[in-house]
Structures are given as structure tokens and as C-alpha cells.
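Just so you know, we're using the numbering used here here: the sequence shown kicks off at -14 and counts up by one.
Encoded as C-alpha cells, the structure appears first; notes follow it.
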Amino acid sequence: PDQILLRPFTNDFTNSAETWWLPEEGRHKLKVEHGSPFAQNYGYKNEWRWIANQTYVFQGPTPILQMDEQEILDYYKGMGVPYVATVKDMYEIVKVWTDVVPRVRNEFPNILAEMFAFNEAVAHLGLRPTIATSFMVSEVGKPGEGWSLVDNVDPKDVCHNFPKSQYPHVIHYCQEFALGKWFMSKYFLPKDIISCKAPLLKVPPGDVALRYKRGINPNGFKIFGLKPKHRVESGFAVCAMISALNAAAVYYKDNHCDKATANYSYSYTFFDDMFMEED
-14 PDQILLRPFT
-4 NDFTNSAETW
6 WLPEEGRHKL
16 KVEHGSPFAQ
26 NYGYKNEWRW
36 IANQTYVFQG
46 PTPILQMDEQ
56 EILDYYKGMG
66 VPYVATVKDM
76 YEIVKVWTDV
86 VPRVRNEFPN
96 ILAEMFAFNE
106 AVAHLGLRPT
116 IATSFMVSEV
126 GKPGEGWSLV
136 DNVDPKDVCH
146 NFPKSQYPHV
156 IHYCQEFALG
166 KWFMSKYFLP
176 KDIISCKAPL
186 LKVPPGDVAL
196 RYKRGINPNG
206 FKIFGLKPKH
216 RVESGFAVCA
226 MISALNAAAV
236 YYKDNHCDKA
246 TANYSYSYTF
256 FDDMFMEED
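Right, dumping it as C-alpha cells:
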């Protein structure tokens, strides 16, 4: 529920701008095939291997116990959504995944238990995944995410003229994004933002990434001294989320509301006064 698809996935990444955990030629696949699922890199590395008793998780022996540390770090390191696999592979993964996840959670009662269990299922089945570092963006400046695609775009284009080929596939909006008083967070959005009566979100200026070196959230928490690339990343995240949420809200209004009374005003902001001195 907190991810937005920005660029479609295909089963062939040969001519794509993706980046990979194992970038050397021959160490990653470029096509989704049986036995070769794909996933996004997350920061918990091989923690899934040691956080739970694998014999308990699988109720018996598992090939995971025979894997050395380097194999786990190369091919089973911190996999998370989005996942891409053939139907055959995903069916087999899900059978094991749903079986082991309750026991993983018993060992590790944390929100990450579900992702850890995916890693365990894939490794147990002996599949050889390819881990991408560009499928998703989430936290501005976070290594191992798709920010390099965003960083290569001219700052004046990150809001209104972003090239489609440079989009990360997914924006995972579990973090706050702020540039000036242009702000976005799922935790601050009105619950009725997609409705007939709610206004649409006000759209930032196209050059927002050039205007500010700081940001502020509605609680007054301030971020100072943003580096140039973090300004670009913050501007992209705010604009991409506002654009996607407005598109969803417009679709809802067009299909479920009385056109005469539906609110199509692009006016909602998180601050009553949006003025902030430019940097």
C-alpha cells in the first residue's frame, strides 16, 4: 500500500538503465527466467540468515545450512519488494514463504519478518536471484537504491519534465520528503485525500530542486544543508508522489463524483503559508 509504480517492469532488462548488486558481467542475469527471480536490494544484508534457527523455521534440514557467507551475500542479500519472477517460480516461492513466515516471526517479531521469510524461501528452493539496486527509491541518499537514475537528471527537469527512461520502477513512500515547504509523507496525508470533496495537491514549481537547500515538515522539524544531489532527489520524490496521488484522485473524481460539485482545485498544501526564502 505504500509503493507507486512509476515505470513498468518487463522480463528483459538488456537495454535498461538498471544497476545491480553484482555489476560485473556474467554475475547477474538480464532476463527473468525459470530459476532466476529478481528483487530489490534492501539494507539488512544477510541478517535473515542468523536471526532465526533455520532448522526450526523449516522444521528439518535446509540447503541454507550448507551455504557459505559469500554465497549468501552475493545472491541472497537483503532481498525485498519489488519482486519479479516467472509464475512457476513465484508459485513455488509463495508455497514455502507462507509456510515459514509464521515461524520466522516467532523467532523475529518484527515488521521485516515477512521479507526475511522471502529470502529464506528463495534460498531454500535453490533459486539463483539477481538483486537490483535501482528498482526502488525510498530514503533520500540511501545507498543501494535507484537514486543514481535520478541524480543523472538535470535539476530543472526533476519535477515536470523527468525523462521516463530514468524513472526508478517504484517509489516506496515509507519516508518523509521535504524541500522548502514542499512536503510529502503518508503519515500526514488527510484520510479523505482521494474523495469528491477534497482538493487536489498543489503542484510544486518546476525548478523546486534549484530553489532550496533545506526542508521542513509540518511539525517544524528542519533539514539544513542539503547536498545538490539530495536536493534533486527530494524534489523528485515530492513531485513524483504529488503527481501520482493527484492522478489517482482525478480518476476517482471523474468516475465516482458529480462533476458539478467535485473539487478539482489544485490547492492542498501541508502549510497554511507556503512562503520560504529561497536559498
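Positions of the beta carbon are idealized from the N, C-alpha and C atoms, including for glycine.
Proline 48 and glycine 11 have their C-alpha atoms spaced approximately 24 Å apart. Take the alpha-carbon of glutamate 77 and the one of alanine 24: they are about 16 Å apart.
Selection Pro140, Val155, Pro(-7) and Gly45 evaluated against asparagine 26 yields Val155 as nearest (Cα-Cα). The alpha-carbon separation between phenylalanine 255 and serine 123 amounts to approximately 20 Å.
Secondary structure within the segment 147 to 199: the alpha helix (DSSP H) runs of 4 or more consecutive residues, fully enclosed, are 193 to 196 (chain order). The DSSP-derived three-state label of aspartate 264 is coil.
When Asp257, Thr4 and Asn(-4) are compared, the shortest CA-CA separation from glycine 129 is found for Thr4.
Serine 252 and valine 235 have their alpha carbons spaced roughly 13 Å apart. Take glutamate 92, set aside five residues on each side of it, and the residues of its chain with a beta-carbon closer than 6 Å to its own are Ala37, in chain order. If you draw a 10 Å sphere on the C-beta of cysteine 159, you find fewer than 16 other C-beta atoms in it, and that means exposed. Distance check between phenylalanine 43 and each of Val107, Val125 and Asp59 places Val107 closest, using alpha-carbon atoms only.
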